[in-house]
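The structure appears right after this line, and notes come after that.
There are 4 protein chains.
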Amino acid sequence: MTADEARRLAPRFVARATEYDRTGSFPVEDFADLRRSGLFGLMVPTRLGGMGAGFADYAAVAYELARGNGATALVFNMHASVTGALSGVTDELADALGLPPEALEARDSYLRAAAEGNWYAVAMSERGAGSRLSEMATRYERTADGFHIKGAKTFCSGAGHADAYLVAARSAADPSQVSQFLVPAGDGLSIEPTWDALGMRATGSHDVHVDVVVDETALLGGVEGLALVVAQLAPHWMVASYAAVYVGVARAAVDAAVEHVEARKLEHLPAVRARIGRADAAVAAAHLTVMEAARRVDEAPGDAETNRWVWRAKLVAGTTAADVAASMLEAAGTSAMRRGHPLERLYRDARAGSLQPATSDVCADWLGVAALGGDPDSQGTAPRW
Amino acid sequence: MTADEARRLAPRFVARATEYDRTGSFPVEDFADLRRSGLFGLMVPTRLGGMGAGFADYAAVAYELARGNGATALVFNMHASVTGALSGVTDELADALGLPPEALEARDSYLRAAAEGNWYAVAMSERGAGSRLSEMATRYERTADGFHIKGAKTFCSGAGHADAYLVAARSAADPSQVSQFLVPAGDGLSIEPTWDALGMRATGSHDVHVDVVVDETALLGGVEGLALVVAQLAPHWMVASYAAVYVGVARAAVDAAVEHVEARKLEHLPAVRARIGRADAAVAAAHLTVMEAARRVDEAPGDAETNRWVWRAKLVAGTTAADVAASMLEAAGTSAMRRGHPLERLYRDARAGSLQPATSDVCADWLGVAALGGDPDSQGTAPRW
Amino acid sequence: MTADEARRLAPRFVARATEYDRTGSFPVEDFADLRRSGLFGLMVPTRLGGMGAGFADYAAVAYELARGNGATALVFNMHASVTGALSGVTDELADALGLPPEALEARDSYLRAAAEGNWYAVAMSERGAGSRLSEMATRYERTADGFHIKGAKTFCSGAGHADAYLVAARSAADPSQVSQFLVPAGDGLSIEPTWDALGMRATGSHDVHVDVVVDETALLGGVEGLALVVAQLAPHWMVASYAAVYVGVARAAVDAAVEHVEARKLEHLPAVRARIGRADAAVAAAHLTVMEAARRVDEAPGDAETNRWVWRAKLVAGTTAADVAASMLEAAGTSAMRRGHPLERLYRDARAGSLQPATSDVCADWLGVAALGGDPDSQGTAPRW
Amino acid sequence: MTADEARRLAPRFVARATEYDRTGSFPVEDFADLRRSGLFGLMVPTRLGGMGAGFADYAAVAYELARGNGATALVFNMHASVTGALSGVTDELADALGLPPEALEARDSYLRAAAEGNWYAVAMSERGAGSRLSEMATRYERTADGFHIKGAKTFCSGAGHADAYLVAARSAADPSQVSQFLVPAGDGLSIEPTWDALGMRATGSHDVHVDVVVDETALLGGVEGLALVVAQLAPHWMVASYAAVYVGVARAAVDAAVEHVEARKLEHLPAVRARIGRADAAVAAAHLTVMEAARRVDEAPGDAETNRWVWRAKLVAGTTAADVAASMLEAAGTSAMRRGHPLERLYRDARAGSLQPATSDVCADWLGVAALGGDPDSQGTAPRW
């Protein structure tokens, strides 16, 4: 099982996590391990040399990786999102969308490369627009034999380390069209090292300045204007794929607290036991919620009921991670606040869960609207993507 | 599926719930529905005319019944516990325990009667002892051809309505032996109507005074002193079987709030949407936790890891039910506080979950002990059962 | 000190609270005690025979009364609101508002009667309009020598027992004018016994049907259209005067839990101690918040900063009461769920705090708006009063 | 008023806080400001050139300083503890304790030096013992004309910057005697830079190795074995003096969130308003609790009821700070997670409150014991100091 492989790697990630966190540097060795393990091919169909995993498999892997290092798992999540979304464009769907044959060839080529050890980052967010595709300021223009893309991206996890980047941009000719490109690492992309954050410090989510010319095959789907369609087909990759990571972080916090309490012989304190007991139950419930959402994504991706599970997973995972990490630090006591103590890092990492889009407050609103028979997609004035 | 049958009955229960709650009277009509539906045979093996359900099937049924009326579901839970535990004494287990053949005949006879429409209550708890078998004050003595049982029981749900009662008692000859008897309704059992509680008012959990002579077949297992063995084999029936009921109550609260908010056209209030959204996610997570625990009970009953899931389920269900019902009442507003409004009842019913043994605080402690590598069974001075 | 007198009465209220709650009947004997104690004159200036208390004195009294019986304290709160608001119309203010001399005579007459043992209820809320003056449907018309008032009121605490009722109504001639009348008990007011609620059952907050002719002196202020002015001058009586009651209820819950735990000898349970300790601190903090708001109301009534304290008091008191009562019931265990146990009642009574207007959710929003430099009064579309 | 002076300094502290936090270096400039302001003499009687402040004055100052920089306020707190405790040894008390005249001279000399710009740190905690005086491993021996003190201290805020250090040590000759010395900065104290923590990074709470000879005047009180007596006389300096700091941190978090939300124009988001509104009320309630405890410390230091308020203040301040900072970060969104953003630091700083002794869990237990009529001092096996 793919999750077993991830579980095997996690202790190595744990051993390195403190240092990557301290320096805020990219987990190069973790990614070397991932490459060797073949997990870059996790979402790649077996016919292209991959593991042919579904979303539930992914969630199980992400949870285990995050028990090792949440930041590593978050960057991996981006790669999984790209390869997962590409794999989701089946031949049938391609046919239905009227995609040209070259697009399928490009898709296969990107996926095959992933199975062989390439990995992809996502350069989607922009200052101001966040990750809303409809507000992207990055522009592209057709050239003789490809596209010229220009703009600035932010929060690009793994920037400077990926083999290629998924870049969303708007057509200069027809601003209503937002397209996605897979841009190879190289001269046209320059990294501005802006990432220096409270938690998840090792994701290297720096700014990326894009001024690059790519050939036709870089246009995902081979047809312009597909970005919004894909976002609506696969909201789980934009909302819920983080969720498994944060449950893994929460479980790591419980584990670290248990280890700390045992080492300090504090088991006799009832308040400590109660904190750990309640945290254990909360993490277990959140884990089930994420796995159920993932299962449903595999069964009926994009369905209204699936999306509700996706939002539930995001909401429960984010709130649980922050609450659990805070309580575990309180269970462990002041000595766990020293930098270098796993709980010190996990407390910071865990806080990010609720804030990553869709935030906990947004998920709560969407769930409320849906429970009340409304459609969150048509709610309010701001477009969701 | 058995849960479908329960789902079919729930709306009828809803329609009657207010009145049973108001008067604190036993839900006679709900039980007539249950009898007709065949659900008394839920836990009875098919070879004896029953539905042959497992614990997970039971949990699904209990959840649906509780969406109708939590009190009805709680009484049903007691019957399911008795029949479930009886069914759990398989021929193999009976052999291993050295049970006499007559005990198996009696077992089959009780189970067949259940499939035919009899239902059983549990007269276990005593004032002071709670439900701890090791502290039972009710005594029994051997007579020429049976037993004479004498004592007082409390919190006996369905008292005065069941066809027979599971009575735990201690041997007068050898106080170390605690046995369980199935005592038919009749003269030796007198009901003292003491039940008048905040919530779950329709369970009729009155006191029962026992002064009765029963024949040999009433001794469950046919051998004295088995009560503790059974409790340890099947802790799920003593701890977790309530859990599904309280998740059903919590879901009913969300449903009632949605109905109320829609009727009053309050959907535009962001605070109301946020409350409903968060409640929806919390109930979904609790539901999954209960179902996972139930699944594991079927797979590996009594295992250490199964027991942890059982405690998680009880803890999460109890806390979620109380929190969700309180928040839903706040979402609905003062008009939902009128007696007769579903949320008014559900708020009271939901509070009982954390307090039923094992309480939330106890489950948290056990989970903490287990996470810290300890054994909750050997913890502290008080015996658990 | 007036609070001492209230503290003296509280144990008597406690002794009667269970029965008034059970039957949902008005606390006649508590009110006889209040009359004898002179507390009906609490807010009446000393020159008119009263105690000349300020808002902080009132809050201290309300807290103590509520430790006895929250319902009694809530009804008393209505009387205090009427007499407090009347006393707040000083001669200077009357002059500034251009009130006629007869209005001041009427004011003094009503206040003197209160000091002599009369008490007043409030018939403000209407179905649909809530307590928003701007949406009142009750109408009045001028007659030869007075007014004819006609309409239906709801949530009138103490209905059928008060000596007179403050009735808000809209002018039939000029619907923009909302006026308040003090209508003597009698034929023109008929009580419809609709109050049958989860908590605060003894307030007798029934519906009142008004079809009555009153003389000129009944018009408070002697000038039509003053209702909104008064509401804006004294928002504390419409928002915060409940707050002290709910802190008293919360403290009563802690006291009842302590008594229960001591009687059952459960002090050795760490989870019980932790619950009581946290509840004790929360109630203490809420109490201070209410008293600070009250102090500021006396110093600078209606000021922006005073109003923020009023909302803080309402929010903190309401949420604390509900949380504390729920936790105390959990600390005490199942036996405290029996009807007749103080905690059973207090759990229900406490829930009402957050729901009474302004609700906790509304207070949170107003406080957020104010913190962000906005003016909650001009926020949104719905008028506040 | 002394708090005004602190309020005047706070904005300067804010401006420097990010950098001191980033580098984990001691806030040298803040302390220069404090020296110039005369606040080192805050707790020094006016007859010795100080400000003659009481505990409530201190709490008001600490709150304002912490709105600037919590770490600066925490170090200042240590100095205030030393000077406050010294000032608390009045001539009357000295007489009652039988202190020698030289001790009073030494006291006055230390206090006069503080008023003139010296400040004192506390070297109390030890690894393993925490701050429990009864378990100190640091030893002292009498020498010809003084004492030789030897041992290792941890968590010494301001280590390397103070003019003298309060060192607790146990008599080698009679281990039952624990004494306190004021040791001048210099050769006998060596700083091991161990402090590198999640939050409150600028306190420089490093380890201090003590191997020093001091003269007679260094022995506080002039009599050996007084440390425990003082601890019991002034528990507020060991428990509650942090509380004001953490409420200041919490208020700073609300202020920072308001500033962030206004700058980003997010006021229209209801979830943001609700978070800020609830946080504002919680901080206000916590602030009142701390000020009430401080007021009572001035009125009746060491009384049982005063101590309860001290524990309440510590509990409410610690939990409020952590909860509020977490929620404010969630209100502000991902951009506030960047290092250098005030909320990023405040989230880390705020977490320390509940963990500093007495921890929130310990305070809750003590409060529970006290509410149940017990005496927390005689509770359990572990000595409190």
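So the sequences go chain by chain: F, V, U and R. Those letters in the first sequence? Residues 1 to 385, by UniProt numbering. Those letters in the second sequence? Residues 1 to 385, by UniProt numbering. Those letters in the third sequence? Residues 1 to 385, by UniProt numbering. Those letters in the fourth sequence? Residues 1 to 385, by UniProt numbering. Positions of the beta carbon are idealized from the N, C-alpha and C atoms, including for glycine. Fair warning: this is a prediction, and the values are worked out from it, not measured in the lab.
For A293(U), there are no neighbours in chain F by C-beta distance under 7 Å, as the nearest C-beta there is about 28 Å away. Counted as a single uninterrupted DSSP element, the stretch harbouring L372(R) is not any alpha helix (DSSP H), since DSSP gives it neither H nor E.
Secondary-structure assignment with DSSP links S190(V) through a beta bridge to H209(V). In the DSSP assignment, G130(F) forms a beta bridge with E126(F). Between the C-alpha atoms of P301(R) and N307(R) there is a straight-line separation of about 8 Å.
Those residues of the segment 304-333 of chain U placed with their C-beta closer than 7 Å to a C-beta in chain R are R312, L315, V316, ordered along the chain. Listed in chain order, the positions of the segment 261-286 of chain R with a beta carbon within less than 7 Å of a beta carbon of chain V are P270, A271, A274.
Runs of the alpha helix (DSSP H) spanning 4 or more residues and lying entirely within the segment 24-80 of chain R occur at 28-37, 55-68, in chain order. Approximately 35 Å separates the beta-carbon atoms of A234(F) and L343(F); this is outside 8 Å, ruling out the contact. When Cβ-Cβ separations below 8 Å define contact, T359(V) makes no contact with chain F. The straight-line gap separating the alpha-carbon atoms of A326(R) and E267(F) is approximately 28 Å. Secondary-structure assignment with DSSP links P184(R) through a beta bridge to A164(R).
Residue state for A152(F) is assigned as strand, using DSSP reduced to three classes.
The Cβ of W195(F) sits no closer than 8 Å to any Cβ of chain V.
Unbroken alpha helix (DSSP H) runs of no fewer than 4 residues, entirely contained in the UniProt domain "Acyl-CoA dehydrogenase C-terminal" (242-353) of chain V, are found at 270-299, 304-332, following chain order. Between the segment 173-185 of chain F and the segment 209-225 of chain F there are three or more C-beta pairs closer than 8 Å, enough to call the two in contact. Judged by beta-carbon spacing, S205(U) lies beyond the 8 Å limit of A256(U), meaning their Cβ atoms are not closer than that value.
G146(U) and E224(U) have their alpha carbons spaced roughly 12 Å apart. Taking E330(U) as the centre and dropping the five residues before and after it, the same chain places the C-beta of R275 closer than 7 Å to its C-beta, in chain order. Under DSSP, the beta-bridge partners assigned to S179(V) are A169(V). Looking only at R296(U), T334(U), L288(U), D196(U), the smallest Cα-Cα distance to A317(U) is reached by L288(U). Within the same chain, Cβ atoms closer than 7 Å to the Cβ of V272(V) are found at V261, L266, A331, the five residues on either side in sequence being excluded. With the rule of 3 Cβ pairs closer than 8 Å, the segment 104-112 of chain F does not count as touching the segment 13-31 of chain F.
Residue contact with chain F for A352(R): present (Cβ-Cβ distance below 8 Å to some residue of chain F). Under the three-state reduction of DSSP, A240(U) is assigned to coil, being neither helix nor strand. Under the 8 Å Cβ criterion, the segment 7-20 of chain V counts as touching the segment 57-75 of chain V, having at least three qualifying pairs. CA-to-CA, the gap between Y242(U) and A227(U) works out to about 20 Å.
Among the bridge pairs identified by DSSP, Y140(R) is matched with I149(R), S171(R).
A121(F) sits in a strand when the DSSP states are folded into three classes. Note that the C-beta distance between V297(V) and V247(V) is not below 8 Å.
Chain R places a beta carbon closer than 8 Å to that of T289(U), counting this residue as a contact. Distances from the CA of E5(V) to each of V44(V), D57(V), D377(V), C156(V) were compared; the closest alpha carbon is that of D57(V). Our two residues, D33(V) and L65(V), have alpha carbons roughly 11 Å apart in a direct line. Annotation for R139(V): K150, G151, A169, R170, A172 place their beta carbon closer than 7 Å to its own, counting only its chain and skipping 5 residues before and after. Under the three-state reduction of DSSP output, L219(R) falls in the strand class.
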